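Some notes on the structure that comes next.
There are 2 protein chains.
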Amino acid sequence: MSDCALCQDDGGLVLVRHADWRLVRALDTPAFPATYRVIWNAHACEWTDLNPEQRERCMDVVARVEALMRQHLQPTKVNLASLGNVVAHVHWHVVARFDWDSHFPAPVWATALRPIDELRWQAARPRLAQLDAALTAHWA
Amino acid sequence: MSDCALCQDDGGLVLVRHADWRLVRALDTPAFPATYRVIWNAHACEWTDLNPEQRERCMDVVARVEALMRQHLQPTKVNLASLGNVVAHVHWHVVARFDWDSHFPAPVWATALRPIDELRWQAARPRLAQLDAALTAHWA
Chain A
9 MSDCALCQDD GGLVLVRHAD WRLVRALDTP AFPATYRVIW NAHACEWTDL
59 NPEQRERCMD VVARVEALMR QHLQPTKVNL ASLGNVVAHV HWHVVARFDW
109 DSHFPAPVWA TALRPIDELR WQAARPRLAQ LDAALTAHWA
Chain B
9 MSDCALCQDD GGLVLVRHAD WRLVRALDTP AFPATYRVIW NAHACEWTDL
59 NPEQRERCMD VVARVEALMR QHLQPTKVNL ASLGNVVAHV HWHVVARFDW
109 DSHFPAPVWA TALRPIDELR WQAARPRLAQ LDAALTAHWA
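One line per chain: the protein sequences are A and B, in this order.
So in the numbering used here the end of the first sequence lands on 148, straight run, no missing numbers.
So in the numbering used here the end of the second sequence lands on 148, straight run, no missing numbers.
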């Protein structure tokens with residue numbers, strides 16, 4: 009699909025490149041630094057365009073990302089979503105939410121409720137780096 | 009969890025009531041009449057609070073809802089999400105999106121881009137009813 013952004017580009021900083029999927033950290037969500045995406049490599053528009061075995065493998069990755077995210081960041085809540093209205097290529101968002109983040113408890117796509125707390129995100133940087141490392145190591 | 013809305017209430021119009029989960033159609037999303045929720049009956053905050061076998065069963069339901077939604081509504085895109093920032097009790101949103109809906113291609117939680125097209129939703133009513141019936145029949 010030559011016009012599909014996720015066929016042409018990685019979609020973020022690649023942490024794991026598997027034969028069937030890749031795990032990236034988003035670089036385009038400044039209010040939510042702990043945003044990861046599990047992207048199916050082959051072009052598929054809808055979740056049910058994958059077969060059951062592919063879906064199971066993809067969700068295993070999503071669950072593992074969530075588990076490591078919880079372990080390293082202790083977020084208030086983890087948000088999972090597969091939308092694809094703009095880029096209709098299967099990808100799961102896994103986002104760590106904190107009760108102090110700019111939008112909580114609203115979804116990340118809603119209007120911000122408060123300014124980004126740069127100091128708290130800065131303080132979280134070591135743990136964010138640990139999570140990146142743990143994710144990379146898990147599939148190494 | 010006496011203070012959890014999804015422990016106290018069904019969370020919508022119940023179409024299927026299974027031992028472990030229920031399928032409801034949302035009644036609180038007027039802009040998105042084709043919004044379904046797969047709700048895990050037992051209280052669990054995060055997706056990874058379910059064990060792998062429970063997650064697989066839950067996602068099988070989500071996928072089946074998506075498949076029947078595609079068959080009956082032919083939406084532009086299906087949106088899947090498990091957020092739970094307000095009600096931290098595992099539930100999946102399965103939402104049929106259309107390129108003419110009030111928010112497309114923005115997420116349903118973003119600011120509307122245009123008015124609700126009541127006439128088109130009214131025209132879709134027979135298919136929405138067919139989808140309800142097909143979902144109910146599938147697990148009957």
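Glycine included, each C-beta is placed from N, C-alpha and C at the ideal position.
Everything numeric in this text was worked out from a predicted model, so none of it was measured.
Taking the Cα positions, V102 (chain A) is about 10 Å away from L31 (chain A). With respect to chain B, the C-beta atom of G20 (chain A) has no partner C-beta closer than 7 Å.
Close partners of A75 (chain B) in chain A (Cβ separation under 7 Å): T56. C15 (chain A) has its alpha-carbon roughly 8 Å from the corresponding atom of A50 (chain A).
Among the CB atoms of chain B, one or more fall inside 7 Å of the CB of N87 (chain A).
Counting only the Cα atoms, F40 (chain A) lies some 21 Å from A13 (chain A). For P115 (chain A), a Cβ of chain B is located within less than 7 Å of the residue's own Cβ. Cβ atoms of A118 (chain A) and W100 (chain B) stay farther apart than 8 Å, at about 19 Å.
Residues of chain A whose Cβ lies closer than 9 Å to the Cβ of A145 (chain B) do not exist, since the nearest Cβ in that chain is about 18 Å away. With respect to chain A, the C-beta atom of N93 (chain B) has a partner C-beta closer than 7 Å. R45 (chain B) is outside the set of residues whose beta carbon lies under 7 Å from a beta carbon in chain A. Under the 10 Å beta carbon count, P60 (chain A) is surrounded by fewer than 16 other beta carbons and is classified as exposed.
Among the bridge pairs identified by DSSP, L88 (chain B) is matched with A:S90 and B:V102. Following the DSSP letters along the chain, one finds V32 (chain B) inside the beta strand (DSSP E) bounded by residues W29 to R33.
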